[in-house]
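In the numbering used here, the protein residues as written are 387 to 834.
Okay, structure coming up:
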């Protein structure tokens, strides 16, 4: 989403050279680039003005350390201010209250409130909370049915409602039900409109007064751009917003909403929707997002994602095989492809890499579809063939290719790629890390 913004800011680093101190004169052109980059990203003009003014104030007089270039020193200031713009440190949900802790979701229709309700319920359930969800959206066709289906999918309780009821009545009865059935958290999904109107604002204000939520989260679509600012202002005027959820951050929009809405609402971004899948909601870390925007990558999130998705026992078993230099077979290779897909696939992994590695991955032609074909080829093999690839001769290759719906050439490519991976594993076992790194080209599934 932030690729264009990242590219413009990368040019800022290269434009400043050979200065010992940042001054008004030598950062003027760079600040103009920052301003243009933000405006192109569809960040609201008042937000851009304040942001650039803060950078100018903080940067002037900044000493350039011996190990840094002037451009890197300025980017350090930009990084800190970007993190500040998006809400400083990640703020956890405030659930320290007498149960049930009520979370009210507000926002326009189409922003993703219903899906966010289910994703948030899933996150809280993983934290050992007993969660109840309910829909007070009595206007959108099938909204109640959608939440019911999602609640069943994530394994949380649903308080039923119908289109003939008043939203306030639904919400108050849901609170009573949650209290008497010992739920820790109640998430209330509310109605939206295609645009802000007086009736919606009165309704959401009434709901807030009736249920006294501990968290009032404004859900905004990252693809809204400048419109997100006007919507945020309207909701801020009628609700004491405690946080923001930015959805569709995996899209190809310019990302201005994510940078504008926090400044406008005065509430931190608490969660980000990063995919349409039910597990595609992440705690938002402003400093990590700032690093990604500036091309520094987000290695911490990558590590956390690995810790959540990688099977520890399988990883230990693979580590033992690597250490011994023996036994790494096509079944292990398929398992590694599966683990990678759980982590969001190659595209999801590459998106969190620093700019230099991301560029290298782009040059290596990342092909997500090819990863699926590789998995299909291995699944078309017999257990004996996976354990001993040397058994796979011409006739077996034709049978495997037919079973996977690919050409014999693609089966050969997989076997060659696997052979390179085996060699890499043997190098690792012998401690030849430098040799291994040189030989990695073409080894990762889906990269050529």
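Quick reminder that beta carbons are idealized off the backbone N, C-alpha and C, glycines included.
Residue i and residue j closer than 8 Å at C-beta
i: residue 533; j: residue 487; result: no
i: residue 763; j: residue 601; result: no
i: residue 592; j: residue 554; result: yes
i: residue 550; j: residue 530; result: no
i: residue 630; j: residue 617; result: no
i: residue 794; j: residue 783; result: yes
i: residue 542; j: residue 511; result: yes
i: residue 621; j: residue 492; result: yes
i: residue 557; j: residue 597; result: yes
i: residue 444; j: residue 467; result: yes
i: residue 446; j: residue 410; result: yes
i: residue 507; j: residue 537; result: yes
i: residue 603; j: residue 628; result: yes
i: residue 473; j: residue 654; result: yes
i: residue 796; j: residue 759; result: yes
i: residue 801; j: residue 775; result: yes
i: residue 494; j: residue 648; result: no
i: residue 646; j: residue 433; result: yes
i: residue 509; j: residue 667; result: yes
Span separating the alpha-carbon of residue i from that of residue j
i: residue 563; j: residue 545; result: 8 Å
i: residue 521; j: residue 675; result: 31 Å
i: residue 761; j: residue 496; result: 35 Å
i: residue 624; j: residue 766; result: 59 Å
i: residue 574; j: residue 722; result: 39 Å
i: residue 523; j: residue 614; result: 21 Å
i: residue 685; j: residue 673; result: Reliability of the predicted coordinates at residue 685 is poor, the pLDDT of 41 falling under 50, and the value obtained from them is presented with this limitation in mind. Those two C-alpha atoms are separated by around 12 Å.
i: residue 787; j: residue 435; result: 59 Å
i: residue 626; j: residue 417; result: 34 Å
i: residue 515; j: residue 799; result: 48 Å
i: residue 571; j: residue 485; result: 7 Å
i: residue 688; j: residue 578; result: Because residue 688 carries a pLDDT of 44, less than 50, the predicted location of this residue cannot be relied on, and no value is offered for it.
i: residue 804; j: residue 716; result: 7 Å
i: residue 439; j: residue 569; result: 47 Å
i: residue 745; j: residue 582; result: For residue 745, the pLDDT reaches just 47, beneath the cut-off of 50, and the residue's location in the model is therefore unreliable, leaving the point undetermined.
i: residue 806; j: residue 414; result: 51 Å
i: residue 808; j: residue 785; result: 24 Å
i: residue 720; j: residue 464; result: 42 Å
i: residue 513; j: residue 559; result: 25 Å
i: residue 517; j: residue 780; result: 56 Å
i: residue 590; j: residue 539; result: 27 Å
i: residue 587; j: residue 651; result: 16 Å
i: residue 696; j: residue 498; result: For residue 696, the predicted structure reports a pLDDT of 49, less than 50, and the residue's modelled location is therefore unreliable. A value from the coordinates is still provided. Roughly 28 Å between the two C-alpha positions.
i: residue 669; j: residue 609; result: 19 Å
i: residue 595; j: residue 658; result: 27 Å
i: residue 437; j: residue 502; result: 29 Å
i: residue 428; j: residue 526; result: 29 Å
i: residue 424; j: residue 671; result: 20 Å
i: residue 552; j: residue 535; result: 22 Å
i: residue 789; j: residue 441; result: 59 Å
Buried versus exposed call for residue i [16 or more other C-beta atoms within 10 Å across all chains shown]
i: residue 656; result: buried
i: residue 756; result: buried
i: residue 739; result: Because residue 739 carries a pLDDT of 49, less than 50, the predicted location of this residue cannot be relied on, and the following value inherits that uncertainty. Buried.
i: residue 422; result: exposed
i: residue 777; result: exposed
i: residue 567; result: exposed
i: residue 585; result: exposed
i: residue 528; result: exposed
i: residue 469; result: buried
i: residue 827; result: For residue 827, the pLDDT reaches just 46, beneath the cut-off of 50, and the residue's location in the model is therefore unreliable, although a value from the coordinates is still provided. When all chains shown are included, residue 827 counts as exposed.
Heavy atom of the ligand GTP within 7 Å of residue i beta-carbon
i: residue 782; result: Ligands displayed in this structure: none; no statement on the ligand GTP is therefore possible.
Counting Cβ pairs closer than 8 Å, one from the region 625–637 and one from the region 653–665, do we hit at least three?
Verdict: yes, contact present.
Any alpha helix (DSSP H) of 4 or more consecutive residues that is wholly inside the region 526–603
529–540, 553–566, 584–597
Can you check the region 769–819 for any alpha helix (DSSP H) of at least 4 residues that lies completely inside it and give the ranges in chain order?
Along the length of the region 769–819, whole alpha helix (DSSP H) runs at least 4 residues long occupy 769–773, 780–790, 794–815, reported in chain order.
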